[in-house]
Structures are given as C-alpha cells and as structure tokens.
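Position in the sequence shown counted from 1, then plus 66, gives you our numbering. We put the CB at the ideal spot given by N, CA and C, even for glycine. Quantities reported herein were computed from a predicted structural model and do not represent experimental measurements. Structure first, commentary second.
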Amino acid sequence: MAPSAARLGAISLRLLAWFSANAREMEWRETRDPYRVWISEIMLQQTRVETVAPYYRRFLGAFPAVEALAGASPDAVMKAWEGLGYYARARNLHRAAVEVVREFGGRVPSTVEELSSLPGVGRSTAGAIAALAFGRDAPILDANAKRVIARLLSVQEDLSRPEAVRLLWDASAGLILPGRGRETALALMDLGAMVCLPRAPKCAICPLASLCEGRRDGVEERIPARRRRREIPHRSAAAAVILDGRGRVFIARRPPEGLLGGMWEFPGGEPAQGESPERFLVREIRIRWGMTIAAPERLPPVRHAYSHFRVTLVPVRFLRRAGAAPKGGEWRWISPEELEKVPFPGAARKLIARAFPEIRSAATPATARPAPSRSPSHVPVRTRRGGRTPS
Numbered sequence: 067m068a069p070s071a072a073r074l075g076a077i078s079l080r081l082l083a084w085f086s087a088n089a090r091e092m093e094w095r096e097t098r099d100p101y102r103v104w105i106s107e108i109m110l111q112q113t114r115v116e117t118v119a120p121y122y123r124r125f126l127g128a129f130p131a132v133e134a135l136a137g138a139s140p141d142a143v144m145k146a147w148e149g150l151g152y153y154a155r156a157r158n159l160h161r162a163a164v165e166v167v168r169e170f171g172g173r174v175p176s177t178v179e180e181l182s183s184l185p186g187v188g189r190s191t192a193g194a195i196a197a198l199a200f201g202r203d204a205p206i207l208d209a210n211a212k213r214v215i216a217r218l219l220s221v222q223e224d225l226s227r228p229e230a231v232r233l234l235w236d237a238s239a240g241l242i243l244p245g246r247g248r249e250t251a252l253a254l255m256d257l258g259a260m261v262c263l264p265r266a267p268k269c270a271i272c273p274l275a276s277l278c279e280g281r282r283d284g285v286e287e288r289i290p291a292r293r294r295r296r297e298i299p300h301r302s303a304a305a306a307v308i309l310d311g312r313g314r315v316f317i318a319r320r321p322p323e324g325l326l327g328g329m330w331e332f333p334g335g336e337p338a339q340g341e342s343p344e345r346f347l348v349r350e351i352r353i354r355w356g357m358t359i360a361a362p363e364r365l366p367p368v369r370h371a372y373s374h375f376r377v378t379l380v381p382v383r384f385l386r387r388a389g390a391a392p393k394g395g396e397w398r399w400i401s402p403e404e405l406e407k408v409p410f411p412g413a414a415r416k417l418i419a420r421a422f423p424e425i426r427s428a429a430t431p432a433t434a435r436p437a438p439s440r441s442p443s444h445v446p447v448r449t450r451r452g453g454r455t456p457s
C-alpha cells in the first residue's frame, strides 16, 4: 500500500533534521556547477566515495569545462578515467558532452527530461543533477535511496518488479517538501551510506527507526531481497609483448563497444586447453597481425579482478622477426616510455609493471584540487530543436 502524504511528510521532517546535523562533507557538494555535479554523479555510479575523490580531481584538471571534454580525443578521456573502471561511463560522458555543446549551447540542461536524453544519464542520475545543481524538486532512486525507502515501507518483494519500482519512485517524490529537493536527495544518500547500511543497518541510531515498517516487521536486514550471487568466472589468457628492432612495443585497441571498449591492450587471447601461451601467441600474431615473432621469454603471470570476472594473464615477451601489421588497423608501435600516455585496463597496467619495471605507473591519480572552471570553447554549436525519448 502506498504511504499517506502525512506519513511521508513526517518522515521528511525527521530526515532533514538529521541531515542538517550529519551531512557528509565532499568537495563536489561545495559547488552547484552543473558540469561538476554531473561528473561526480557519473563517477559515483557503482563506485565508493573514497575511490572517486582523486579521480574527480584528475578528470576536472584535464577537462575543467564541458567544452574541454567535448573537444578532447577519446584516448584523452579514457586516460583521465583510467583506473576508475566501468569504462562505458567515460565513453558515454564524452558523447554526452559533445551533445551538450552542440545541442544545448554548452549549458548542461536543467530538467530531468532533457538530462535523461543524454548518453549514460538514467532517471535517478538525471534527478540527482536536477536537484543538486539546479535545486529542482526532483526525486532520486539510487542504491542508497532505494534501500532506505524500501525498508521504510517494508517492501519485501523483488525491487526490480514494475509495481515495486512505481511504489518507490512515488514515495521518493512524496518525501520532497516544496523547495527542498536538494536537501532531500542528499539526505537519502547520506542516511543510506551512514546508517541504513546494506548489511547490519544501524537501526539503534536511525532517526527514522520508529517510522520504519521494515524494522517493525523485523525484516530490515532482508530488504532489499537479495538475489542469488553468481559465481565469478575465471579466465586464463595470454598476451604478447612484442618488441621491434628499435625497442618499440606493439599495442592494439579494443573494439569501441563492449567490455573495456576503446582501451588499448597487448594482443593475445585465450589459448585452447593444453596449449602453451607461447604456441598460441605465435599463431595468433601471425594470423591476426601478419607478423612472425620469435625468442619467447615468459614473464610472471598477472592476476586482476574486474567487476564480472577474474583473469590470470600470462605475458610473453617476443621479438618481431618479419612482417608488418595491416594498414588501417587500430594499432601502434610506441616506445615503452609512451605507454604511460595511453589508456590501458587494469590487467594491462599490471603487465606493463612486469615487463617494464623501470617505468613508474601514473594510473593512480594525484590528489591535487581541480582547476577553476573555464568556459570558452570553439566547439561548433547548433540550437537544439525538439526532443527525443529519454533513454
């Protein structure tokens, strides 16, 4: 059953009173610059706050305004994002920046509908940007808000079901007192992050405990209903570190879409069962890249965990004997020192440390504060006409 307006109002008053005394301090909350709020909200998707902070500074240092991001190369964007993971976010952010400049005149749109039309911006992210940057009374339903509201209403069913989704969105909107959308969004985020935790919620100190139906029913720790965890698959792969006569290294770009799309890597793949990495790589490089390689030297294996799988990567160093990669392909010969300028996924970064220990990795960002916002740009602009269905 949907909660009454009076009950939602009582919850809101307590929530906002708690927030006024317990709000978390974060540098992206110090600004209402829509571009910076947008960057922070995209980075915070599926990523912990403490992880995001240095990447946020590095990214804004490289692209202090939307025009700078729109005018950057894909490699520059991916390099600034390197190490943060979920790289589709960076690709979508780049595409969205181009759209903001060309169709919105360089101004980040302020409505949920227009924000939702941008690549990579869903309904909750659009609501967060509209509320935090523009002060709109827009509801949010990120993981923290969803958990808080589901427990308050004792929603014990699968929260992905359409009926549950509608109930949670309606409740999120009903919690917003007029003119207090920004505070409400932040309060839901903070209560979920600090008190209403996924496991072992701190109900004893929760300001909403006496209003929480999940606690009344004794099911707060079972909400949200947990899906059965899938076993994380493990892959074994081999990668060729190929050097030419000038000491340059051969690298190739992954396809633009899909897993780690647009990132650079060392060529290779998964050998057949029982096949040695050396034998597999010699054949793979000959067939795929038209090169003959020799003098294999196996390096220590690299282990890395991505969000959906784990990989053990066996790197093998080779010398190129003959042949050349086909023209027009996404590949390069670069010096080992230049590897630091190219965006690589995590496993490849570890491989570089194995193969070229003399190179100091710059994958982990520094902690410098971001540069002040700038606005001038020479990116072409056209006026947006009409709209399109939000993604």
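Mark residue 334 as exposed unless 16 or more other C-beta atoms lie within 10 angstroms of its C-beta, in which case mark it buried. For the purposes of this step, residue 334 is identified with residue 268 of the sequence shown, where counting begins at 1. Residue burial is scored here from C-beta neighbours: residue 334 has at least 16 other C-beta atoms within 10 angstroms and is therefore classed as buried.
Taking residue 377 and residue 275 to be in contact with their CB atoms under 8 Å, please state how far apart those CB atoms are, rounded to whole angstroms. Locating residue 377 in the sequence shown gives position 311, where the first residue counts as 1. Locating residue 275 in the sequence shown gives position 209, where the first residue counts as 1. Between residue 377 and residue 275 a beta carbon distance of about 44 Å is seen, past the 8 Å cut, so the two are scored as non-contacting.
How many whole angstroms separate the CB atoms of residue 390 and residue 356, which I take to be in contact at a CB cut-off of 8 Å? Indexing the sequence shown from 1 puts residue 390 at position 324. Indexing the sequence shown from 1 puts residue 356 at position 290. Taking the Cβ atoms as the reference, residue 390 lies roughly 7 Å from residue 356, within the contact range of under 8 Å.
So, residue 68 versus residue 236, is the Cβ gap smaller than 8 Å? Within the sequence shown, residue 68 is the residue found at index 2, counting from 1. Within the sequence shown, residue 236 is the residue found at index 170, counting from 1. Contact: yes.
With DSSP as the reference, label residue 365 as helix, strand or coil. Taking the first residue of the sequence shown as 1, we reach residue 365 at position 299. If DSSP states are grouped into helix, strand and coil, residue 365 belongs with coil.
If the criterion is Cβ atoms closer than 8 Å, does the pair residue 186 and residue 205 meet it? By 1-based counting over the sequence shown, the position of residue 186 is 120. By 1-based counting over the sequence shown, the position of residue 205 is 139. Their beta carbons are not under 8 Å apart, which means residue 186 does not touch residue 205 by this criterion.
Residue environment, residue 358, which counts as buried when at least 16 other CB atoms sit within 10 Å: Sequence index remark: in the sequence shown, residue 358 carries index 292 (1-based). Of the residues assessed, residue 358 falls on the exposed side of the cut-off, its CB having fewer than 16 other CB atoms within 10 angstroms.
In this structure, what does DSSP give as the bridge partners for residue 381? If you number the sequence shown from 1, residue 381 lands on position 315. As a beta-bridge residue in DSSP terms, residue 381 pairs with 305.
When you compare the region 78 to 89 with the region 109 to 129, are there three or more beta-carbon pairs, one atom per stretch, that lie closer than 8 Å? Not touching, per the Cβ criterion.
Under 8 Å by Cβ, that's how I've got residue 308 and residue 386 pegged, so tell me the actual separation to the nearest angstrom. Within the sequence shown, residue 308 is the residue found at index 242, counting from 1. Within the sequence shown, residue 386 is the residue found at index 320, counting from 1. With a contact defined as Cβ atoms closer than 8 Å, residue 308 and residue 386 qualify at about 6 Å.
So residue 204 is in the beta strand (DSSP E); what residue range does that whole segment cover? In the sequence shown, the residue the question calls residue 204 occupies position 138. For residue 204, there is no enclosing beta strand (DSSP E), as DSSP gives it neither H nor E.
Using C-beta distances below 6 Å, list every residue in its chain close to residue 135, excluding the 5 sequence neighbours before and after it, in chain order. Counting from 1 along the sequence shown, the entry for residue 135 is found at position 69. Residues of the same chain with a CB within less than 6 Å of the CB of residue 135, apart from the 5 flanking positions on each side, are 129, 163 in chain order.
Would you identify the three-state DSSP class for residue 428, choosing helix, strand or coil? Against the sequence shown, residue 428 aligns to sequence position 362. With a pLDDT of 49 at residue 428, under the threshold of 50, the modelled position of this residue cannot be trusted, and the question is left open.
In the DSSP assignment, find the alpha helix (DSSP H) that holds residue 261 and state where it starts and stops. As a working note, residue 261 is residue 195 in the sequence shown. DSSP places residue 261 in no alpha helix (DSSP H); its state is neither H nor E.
Who are residue 357's beta bridge partners in DSSP? Walking along the sequence shown from the start, residue 357 turns up at place 291. 389, per the DSSP bridge assignment.
Residues in the same chain with beta-carbon distance under 7 Å from residue 254, minus the five sequence neighbours each way, listed in chain order, please. Numbered from 1 along the sequence shown, position 188 holds the residue referred to as residue 254. Result list for residue 254: 206, 210, 211, 214, in chain order.
Roughly how many angstroms separate the alpha carbons of residue 153 and residue 198, rounded to a whole number? Counting from one through the sequence shown, the residue named residue 153 turns up at place 87. Counting from one through the sequence shown, the residue named residue 198 turns up at place 132. For residue 153 and residue 198, the distance between alpha carbons rounds to 24 Å.
Contact set for residue 322: own chain, Cβ-Cβ below 7 Å, skip 5 residues either direction: Residue 322 sits at position 256 when you count from the first residue of the sequence shown. Annotation for residue 322: 328 place their beta carbon closer than 7 Å to its own, counting only its chain and skipping 5 residues before and after.
In three-state terms, what does DSSP make of residue 151? Numbered from 1 along the sequence shown, position 85 holds the residue referred to as residue 151. Of the three classes helix, strand and coil, the one that applies to residue 151 here is coil, per DSSP.
To the nearest angstrom, report how far apart residue 101 and residue 200 are at their CA atoms. Taking the first residue of the sequence shown as 1, we reach residue 101 at position 35. Taking the first residue of the sequence shown as 1, we reach residue 200 at position 134. Roughly 11 Å between the two C-alpha positions.
What residues in its chain sit with their C-beta under 6 Å from that of residue 364, if we drop five residues either side in the sequence? As a first step, residue 364 must be located in the sequence shown, where it is residue number 298. Once the five neighbours on either side are set aside, the close Cβ partners of residue 364 are 382.
Specify, as a first and last residue, the run of the beta strand (DSSP E) that residue 289 falls within. Translated into the one-based positions of the sequence shown, residue 289 becomes position 223. Boundaries for residue 289: no beta strand (DSSP E) harbours it, and the DSSP string shows neither H nor E there.
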